[in-house]
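Colleague: Please read through the structure below; I'll follow up with questions.
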Amino acid sequence: MDIKICELNKSYGKNLIFKNFNISFKSNKVNSIIGKSGCGKSTLLNIIASLVEKDSGEIIGIDKQDISYIFQEDRLIDWLTVGENLSLILKNFYEKEQVNYELKELLKKVDMDNYENQYPQSLSGGMRQRINIARAFAKPSKVIIMDEPFKSIDIKNKISIMNCFKTLLKNENRTVIFVTHDVDEAIFFNDNIYVLGESPVKIKGVFKENLYDNRENIIKLI
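Each number in the working numbering comes from the position in the sequence shown (counting from 1) with 380 added on.
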């Protein structure tokens, strides 16, 4: 089922962010949202995830219990091992005897199967983000929300981690809503791109086909 935001209104004091805003995200696709900093992208994600309360409007096709959230910062618990960080999520959805199996499978999928007993502070930023992604997939959610998770990662690791995420999605029926400021990150996933801008927020363009050919058109709208 597609996710629909209908007649959304949100303001902070006199600053009107959304006014009767409507957008629809396709199910089982990566829906990338791109636009200038401060244009309301992260606010929209936080409203969808019920982290920020909307003033009015309706969100159809999603419940906050259906969501996994990948933040820019990994938010791993430093005094727990990698395995313990992931098991903390897994044990909420699997029987005790299955948790260890699911843990090992997840670590293999993100190429971190040798790091189960390591603590997060001993890992590089790219490794920590791989575990952060694995943690999102540890929850059998219908929707994954991502707020610029690749922003602080060097280009070599970024490409590797984005490929890892794309591979994880292949065998999963998940809808992804992905905020980025980077056109090439949005194009990489080759699904839907929504360009947001203006104040209050408007959809300046929607791109669903020939994304590489439309790169310059997308950039012009940002």
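C-beta: ideal position from N, C-alpha, C; glycine also.
Quick caveat, the model's predicted, so the values are computed rather than measured.
Considering only their Cβ atoms, is the gap separating Val490 from Arg510 smaller than 8 Å?
Modeller: As a working note, residue 510 is residue 130 in the sequence shown. As a working note, residue 490 is residue 110 in the sequence shown. Contact: yes.
Colleague: Excluding the five sequence neighbours on either side, which residues of its own chain have a C-beta within less than 8 Å of the C-beta of Leu503, listed in chain order?
Modeller: Against the sequence shown, residue 503 aligns to sequence position 123. Beyond the five residues adjoining it in sequence on each side, Leu503 comes within less than 8 Å, by CB distance, of Val462, Tyr495, Ile511 in the same chain, given in chain order.
Colleague: On the three-state DSSP scale, how would you describe Phe530?
Modeller: Counting from one through the sequence shown, the residue named residue 530 turns up at place 150. DSSP places Phe530 in coil when its eight states are reduced to three.
Colleague: For Asn597, collect the residues of the same chain with a Cβ closer than 8 Å to its Cβ; drop the 5 residues on either side in sequence, then sort them by chain order.
Modeller: Numbered from its first residue, the sequence shown carries residue 597 at position 217. Same-chain partners within the cutoff: Gly585, Phe587.
Colleague: For Glu464 and Leu456, I'd like the C-alpha separation in whole angstroms.
Modeller: As a working note, residue 464 is residue 84 in the sequence shown. As a working note, residue 456 is residue 76 in the sequence shown. Taking the straight line from one Cα to the other gives about 10 Å.
Colleague: Within the same chain, show all residues whose beta-carbon is closer than 6 Å to that of Lys409, passing over the 5 residues directly before and after it, in chain order.
Modeller: For the purposes of this step, residue 409 is taken as the residue at position 29 of the sequence shown. Excluding positions up to five away in sequence, the list reads Asp571, Asn572.
Colleague: I need the boundaries of the alpha helix (DSSP H) containing Thr423, first residue and last residue.
Modeller: As a first step, residue 423 must be located in the sequence shown, where it is residue number 43. 421-428 is the span of the alpha helix (DSSP H), which, as asked, contains Thr423.
Colleague: What span of residues does the alpha helix (DSSP H) with Val479 cover, start to end?
Modeller: Position 99 of the sequence shown holds residue 479. From DSSP, the alpha helix (DSSP H) with Val479 extends over 476-489.
Colleague: What do you reckon, are the CB atoms on Leu388 and Phe405 nearer than 8 Å?
Modeller: Sequence index remark: in the sequence shown, residue 388 carries index 8 (1-based). Sequence index remark: in the sequence shown, residue 405 carries index 25 (1-based). Going by C-beta atoms, Leu388 is not nearer than 8 Å to Phe405.
Colleague: I need the straight-line Cα distance from Ser412 to Ile524, nearest angstrom please.
Modeller: Here residue 412 is taken as the residue at index 32 of the sequence shown, counted from 1. Here residue 524 is taken as the residue at index 144 of the sequence shown, counted from 1. Going by the C-alpha atoms only, they are around 12 Å apart.
Colleague: Look up Val410 in the DSSP assignment and give the residues it is bridged to.
Modeller: In the sequence shown, counting from the first residue as 1, residue 410 sits at position 30. Looking at the DSSP assignment, Val410 forms a beta bridge with Val556.
Colleague: Mapping the DSSP letters down to three states, classify Gly505 as helix, strand or coil.
Modeller: Within the sequence shown, numbered from 1, the residue matching residue 505 stands at position 125. In the structure shown, Gly505 sits in a helix (DSSP, three-state: H, G or I).
Colleague: Span of the alpha helix (DSSP H) holding Glu464?
Modeller: Here residue 464 refers to the residue found at position 84 of the sequence shown. Run containing Glu464: 462-470, per the alpha helix (DSSP H) assignment.
Colleague: Can you give me the start and stop residues for the alpha helix (DSSP H) that Ile450 sits inside?
Modeller: As a working note, residue 450 is residue 70 in the sequence shown. No alpha helix (DSSP H) holds Ile450; the beta strand (DSSP E) holding it covers 447-450.
Colleague: Just to confirm the assignment: which complete beta strand (DSSP E) runs, minimum length 3, are found wholly within the stretch 560-593?
Modeller: 572-577, 582-587
Colleague: Relative to the C-alpha of Ser579, which candidate in Asp382, Gly418, Tyr499 has its C-alpha closest?
Modeller: Your numbering for residue 579 matches position 199 in the sequence shown. Looking at the Cα atoms, Gly418 is the closest of the given residues.
Colleague: So the alpha helix (DSSP H) Phe545 belongs to, where does it begin and stop?
Modeller: Stepping through the sequence shown from its first residue, residue 545 is reached at position 165. Segment 535-550, the alpha helix (DSSP H) holding Phe545.
Colleague: Below 8 Å, can you find three or more Cβ-Cβ pairs linking the stretch 536-555 to the stretch 481-490?
Modeller: yes
Colleague: Taking Ile397 as the reference, give the member of Lys384, Ala566, Asp382, Asn426 with the closest Cα.
Modeller: Counted from its first residue, the sequence shown places residue 397 at position 17. Of the listed residues, the one whose Cα sits closest to Ile397 is Asn426.
Colleague: In whole angstroms, give me the CA-to-CA distance for Ser391 and Asp435.
Modeller: Along the sequence shown, read from residue 1 onward, the residue named residue 391 stands at position 11. Along the sequence shown, read from residue 1 onward, the residue named residue 435 stands at position 55. Rounded to the nearest angstrom, the two C-alpha atoms are 7 Å apart.
Colleague: Check Leu601 in the structure and name its three-state DSSP category.
Modeller: Mapped onto the sequence shown, residue 601 falls at position 221. Residue state, collapsed to three classes: helix.
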